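*Asks:* Below is the structure I would like to discuss, written out as structure tokens.
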Amino acid sequence: MDKLYHLNFGKSDLGDDPPKIAFLSGDPARAAQIAGTFFDKVTCLSEYRGLDSYMGKIDGVPILSTTSGMGAPSLSIMVNELIQLGVETVIRVGTSGSIQPDVKVGDVVITSGSLCVQGAAHDIAPRDYPAHADPFVSVALANSAKEQGKNYHLGITASVDTFYEGQGRVSGANPNLMRSHQGLVDEYQQLNVLNFEMEAGTLFKMASVYGFKAGCVCAIIAERVESENVVMETKNAAVDSAISVAVGALKYL
Ligand code: R2B
Numbered sequence: 014m015d016k017l018y019h020l021n022f023g024k025s026d027l028g029d030d031p032p033k034i035a036f037l038s039g040d041p042a043r044a045a046q047i048a049g050t051f052f053d054k055v056t057c058l059s060e061y062r063g064l065d066s067y068m069g070k071i072d073g074v075p076i077l078s079t080t081s082g083m084g085a086p087s088l089s090i091m092v093n094e095l096i097q098l099g100v101e102t103v104i105r106v107g108t109s110g111s112i113q114p115d116v117k118v119g120d121v122v123i124t125s126g127s128l129c130v131q132g133a134a135h136d137i138a139p140r141d142y143p144a145h146a147d148p149f150v151s152v153a154l155a156n157s158a159k160e161q162g163k164n165y166h167l168g169i170t171a172s173v174d175t176f177y178e179g180q181g182r183v184s185g186a187n188p189n190l191m192r193s194h195q196g197l198v199d200e201y202q203q204l205n206v207l208n209f210e211m212e213a214g215t216l217f218k219m220a221s222v223y224g225f226k227a228g229c230v231c232a233i234i235a236e237r238v239e240s241e242n243v244v245m246e247t248k249n250a251a252v253d254s255a256i257s258v259a260v261g262a263l264k265y266l
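Residues are numbered in our numbering as their position in the sequence shown, beginning at 1, plus a constant of 13.
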């Protein structure tokens, strides 16, 4: 039995030509959508704890679509185990709230580097260790977005641990943000941070420390300059865009 504990599959499930590239989604439904829409010869490797994984081929290249779960602690477990299985490139396909007025719902953000405010990352590297995407993966994502005519932005993402407090939301159960978190959207806007999400910074630090390549493309589903809410009407279309940008990047890698 060579199954990794959380992935719930092992080397022997991956065949003679094991995938070296993995798409990683926070949401298991997105992992299934990627595999179901774009993979040939799809195999469901695991449906376990909501961290589902699929294997298939795109243009003859073996590939995985796996779920990270929400937040960096869960992502760190899944990525650690993917690397144990020989994965060399991880592309996160996420959702995100924009911080800049010109980053609109439906756009995609390709992260060049993260302002990494994530506790899990401290278990991997010092706080000040850079959290940057692989430049070649970022360029591949940007080429793909350009080719597909998407509205895309390349730049810095705030990777935080919480959806509410860490993203300066006061509309949830806790209306009383700590002083350090009050005015967060304005402060990050002035620092030219494009968007909020909850996984990329830790992924990037893991990539530099472990020696694999990582990139991140996120669908913009909220405009935090305007509102704290996710825009549900356009969410699916935005996610479809981020997925097609990620898949289209493969030919540039
Ligand atoms: C974006 O969406 C999730 C929170 O709703 C989280 O995984 C993230 O980064």
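Note that the Cβ used here is the ideal one computed from N, Cα and C, for glycine as well. Please read all numbers here as calculations on a predicted model, not as lab measurements.
May I have all residues whose beta carbon comes closer than 7 Å to any heavy atom of ligand 1, sorted in chain order?
*Replies:* Environment of ligand 1, chain-ordered: 39, 83, 84, 107, 108, 109, 176, 210, 211 and 212, taking every residue with Cβ within less than 7 Å of a heavy atom.
*Asks:* Leaving out five residues before and five after residue 96 in sequence, what residues of the same chain have Cβ atoms less than 7 Å from its Cβ?
*Replies:* 223 and 225
*Asks:* Is the Cβ-Cβ distance between residue 217 and residue 109 less than 8 Å?
*Replies:* no
*Asks:* Taking Cβ positions, are residue 259 and residue 90 nearer each other than 8 Å?
*Replies:* no
*Asks:* May I ask which residues mark the beginning and end of the beta strand (DSSP E) holding residue 80?
*Replies:* 74-80
*Asks:* Under the three-state reduction of DSSP, which class applies to residue 101: helix, strand or coil?
*Replies:* Secondary structure of residue 101 (DSSP, three-state): coil.
*Asks:* With distances taken from CA atoms, which of 41, 214 and 179 is nearest residue 60?
*Replies:* 41
*Asks:* In whole angstroms, what is the alpha-carbon distance linking residue 72 and residue 56?
*Replies:* 16 Å
*Asks:* Three or more C-beta pairs closer than 8 Å, one from the region 135-147 and one from the region 239-249: is that the case here?
*Replies:* no
*Asks:* From the DSSP output, which residues share a beta bridge with residue 10?
*Replies:* With the chain running from 14 to 266 in the structure shown, residue 10 is simply not present.
*Asks:* Do you know whose CA, among 45, 32, 75 and 107, lies nearest residue 208's CA?
*Replies:* 107
*Asks:* So for residue 194, helix, strand or coil by DSSP?
*Replies:* Correct three-state label for residue 194: helix.
*Asks:* Quick check on the DSSP output: what are the complete beta strand (DSSP E) runs of length 3 or more inside the region 112-192, in order along the chain?
*Replies:* 121-130 and 165-173
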